[in-house]
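Novice: Before we start, here is the structure in question, set down as structure tokens.
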Amino acid sequence: MRVAIVGATGAVGHELLKVLEHSSLPIDELLLFASPRSAGSTLTFRDQALTVQVTPEGPIDADVVLASAGGSVSKALAPAWVAGGALVIDNSSAFRYDAGVPLVVPEVNGDAALAHQGIIANPNCTTAIAVVAVAPIHRAYGVRRMIVSTYQATSGAGAKGMDELLNETHKVLHGKEAGAEVFAHPIPFNVIPHIDAFQDNGYTKEEMKVVWETRKILGDDTLQISCTAVRIPTQRTHSEAITLDLERPATPAAVRELLAGSAGVEVRDAPEDKLYPMPLTASGKYDVEVGRIRESLVFDGGIDLFVAGDQLLKGAALNAVQIAEYLHAKGALKAKVRV
Ligand code: A2P
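The structure is reproduced here in structure tokens:
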């Protein structure tokens with residue numbers, strides 16, 4: 477199988493390379509693309525140095541294109557990749573809300589991927605991480621209302637965001653004033669309740685993505701969701717405090733047991749031993765950590781919990797590769813015959 481990464485030099489691109497190293501996909505050839513800025517540089521895959529090429533305007537001769545170079549690149553070029561016969565798994569928000577484009581987290585709605593027409597969208601990172609924990613609870617108890625507060629790492633803004641955290645923190649530690657280019661305000665020693673553009677309803681686009689995408693993935697337009705998305709000065713891994721109002725009452729013990737048997741989840745919930753989800757422990761992990769599972773003090777029979785999931789992995793690269801693996805395992809993704 478020939479796999480291509482568009483945006484290979486970015487934060488998600490780097491993780492795609494690492495995840496693909498251990499993937500069950502039968503990869504014979506990996507093609508790496510980025511902007512002209514990185515053309516000719518090399519990246520290592522399975523001990524081989526691969527040269528990064530300029531992303532072509534036209535088709536890419538690959539079976540799968542994993543796109544992570546931003547919405548405008550995907551919007552402009554994905555149709556040509558599809559026309560050339562590739563399956564496009566797109567990390568951007570360009571196609572997520574199109575009716576004909578499945579939005580997929582394999583543990584939750586993998587079968588939706590089978591209905592693709594050439595493009596499958598990878599969800600927003602915050603949503604992907606949340607639904608891994610919330611979907612099993614939704615299936616068992618019926619989520620009626622969901623209130624989410626996020627603590628999002630700088631990796632969500634790509635390599636530039638992660639660099640800005642380190643460089644500006646370095647400045648502060650050396651007695652200088654921190655600046656801001658990627659973020660709306662200096663990120664060191666700060667929290668910023670502003671991710672993506674403000675909408676007419678006072679919520680940010682990032683917050684509305686959680687609303688729109690959670691509904692689409694869970695296949696439930698009646699779900700009431702409210703989100704406050706906040707950027708914090710961590711490198712990677714998004715954390716989220718989630719409150720669930722349920723149709724059928726749940727107990728923390730039952731939810732703990734349910735999640736312990738759910739794919740993609742690691743229950744980390746022993747507060748007496750100081751065990752709970754945190755970026756420091758969740759970073760680099762494939763599973764989403766879930767803990768602080770407790771009875772809601774507001775909603776009868778409702779549940780409060782805390783999740784931490786690696787934004788670059790389950791929130792991006794890992795989920796994209798898992799979609800391809802899911803289709804391959806179902807016999808729905810095959811290598812083209814090349815002569
Ligand atoms: P480059 O490194 O050459 O700029 P991140 O999200 O970490 O900022 O990464 C964005 C990725 O998308 C990088 O690999 C970047 O390549 C790539 N990219 C940005 N703009 C374009 C473009 N116009 N065409 C192709 N790739 C692009």
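Residue numbering for the sequence shown follows the working numbering, beginning at 477 and increasing consecutively. Don't be surprised by glycine CBs; every beta carbon is placed ideally from N, CA and C.
1. Ignore the nearest five residues each way along the sequence and tell me which others in N600's own chain have a CB closer than 6 Å to its CB.
2. What does a CB cutoff of less than 6 Å around L492 pick up in its chain, not counting 5 residues either side in sequence?
3. Locate the alpha helix (DSSP H) running through G785, then write down its first and last residues.
4. Please list the terminal residues of the continuous beta strand (DSSP E) segment that includes I701.
5. Given a threshold of 16 other Cβ atoms within 10 Å of its Cβ, counted over all protein chains shown, does R572 qualify as buried or as exposed?
6. Extract the residue ranges of the alpha helix (DSSP H) inside the region 547-620, only unbroken runs of 4 or more that lie entirely within it.
7. Along the chain, where does the alpha helix (DSSP H) that runs through I663 open and close?
8. Could you check what DSSP says for S772 in three-state terms: helix, strand or coil?
9. DSSP on Y627, reduced to helix/strand/coil?
10. Given a cut-off of 9 Å on the beta-carbon distance, is the pair A746 and S715 in contact?
11. Under the three-state reduction of DSSP, which class applies to G634: helix, strand or coil?
12. On the CB-based measure, 16 or more other CB atoms within 10 Å of its CB, does D566 come out buried or exposed?
13. State yes or no: is the C-beta of T520 nearer than 8 Å to some heavy atom of the ligand A2P?
14. Could you check if Q680 is buried or exposed, using at least 16 other CB atoms within 10 Å of its CB as the buried criterion?
15. Looking only at C-alpha atoms, which of G807, T603 and H490 sits nearest to Q628?
16. In this structure, how does DSSP classify T757 when only helix, strand and coil are distinguished?
17. Say the cut is 8 Å; is the CB of F659 nearer than that to a heavy atom of the ligand A2P?
18. Can we say the region 697-714 touches the region 728-748, given the rule of at least three CB pairs closer than 8 Å?
19. Among V564, Q593, I605 and V558, whose alpha-carbon lies nearest the alpha-carbon of V581?
20. At a cut-off of 8 Å, is P512 close to the ligand A2P when judged by its beta-carbon and the heavy atoms of the ligand?
21. Kindly list the residues whose CB is nearer than 6 Å to the CB of G637, restricted to its own chain and excluding five residues on each side of it in sequence; keep chain order.
22. If you count every other CB in all the chains shown that lies within 10 Å of the CB of G489, and 16 or more means buried, which is it?
23. What are the boundary residues of the alpha helix (DSSP H) that L694 is part of?
24. Quick one: is N598 buried, meaning 16 or more other Cβ sit within 10 Å of its Cβ, or exposed?
25. Which residue from A588, G618 and E682 puts its Cα closest to that of A808?
26. Looking at V479 and V564, is the spacing between their C-beta atoms short of 9 Å?
27. Assuming H670 and A660 form a contact by the criterion Cβ under 8 Å, report the distance between their Cβ atoms to the nearest whole angstrom.
28. State buried or exposed for V648, treating a residue as buried only when at least 16 other CB atoms are found within 10 Å of its CB.
29. What are the residues that DSSP puts in a beta bridge with M462?
30. Find the nearest neighbour of L788 within the set T520, A525, S544 and V530, judged by alpha-carbon distance.
31. Looking at T527 and G845, is the spacing between their C-beta atoms short of 9 Å?
32. Measuring straight from C-alpha to C-alpha, what distance separates G695 and N585?
33. Sorted by chain position, which residues of the same chain lie with C-beta nearer than 7 Å to L579's C-beta, five sequence neighbours on each side aside?
34. Which of helix, strand or coil does DSSP assign to L751?
Specialist: Working from what's here:
1. Excluding sequence neighbours, N600 sits near K685 and E689.
2. I481, L542 and A793
3. No alpha helix (DSSP H) holds G785; the beta strand (DSSP E) holding it covers I779 to G785.
4. DSSP places I701 in the uninterrupted beta strand (DSSP E) bounded by Q700 to T704.
5. buried
6. 547-559, 582-585 and 601-617
7. Looking at the DSSP string, I663 is not in any alpha helix (DSSP H), and its letter there is neither H nor E.
8. coil
9. strand
10. no
11. helix
12. buried
13. no
14. Going by the sequence as given, residue 680 is Thr instead of Gln. Buried, by the Cβ-count rule.
15. T603
16. helix
17. no
18. no
19. I605
20. yes
21. T630 and V658
22. buried
23. Looking at the DSSP string, the run of the alpha helix (DSSP H) that includes L694 is K681 to L694.
24. N598 counts as buried, since at least 16 other C-beta atoms from the protein chains shown sit within 10 angstroms of its C-beta.
25. A588
26. no
27. 5 Å
28. In summary, V648 is exposed, with fewer than 16 beta-carbon neighbours lying within 10 Å of its beta-carbon over all protein chains present.
29. This structure does not reach residue 462, given that the chain is present from 477 up to 815, and the question cannot be answered.
30. Answer by Cα proximity: S544.
31. No answer is possible for residue 845: it lies beyond the span of the chain, which begins at 477 and ends at 815.
32. G695 and N585: Cα-Cα distance of roughly 9 Å.
33. R572, A597, P599, E689, K692 and I693
34. strand
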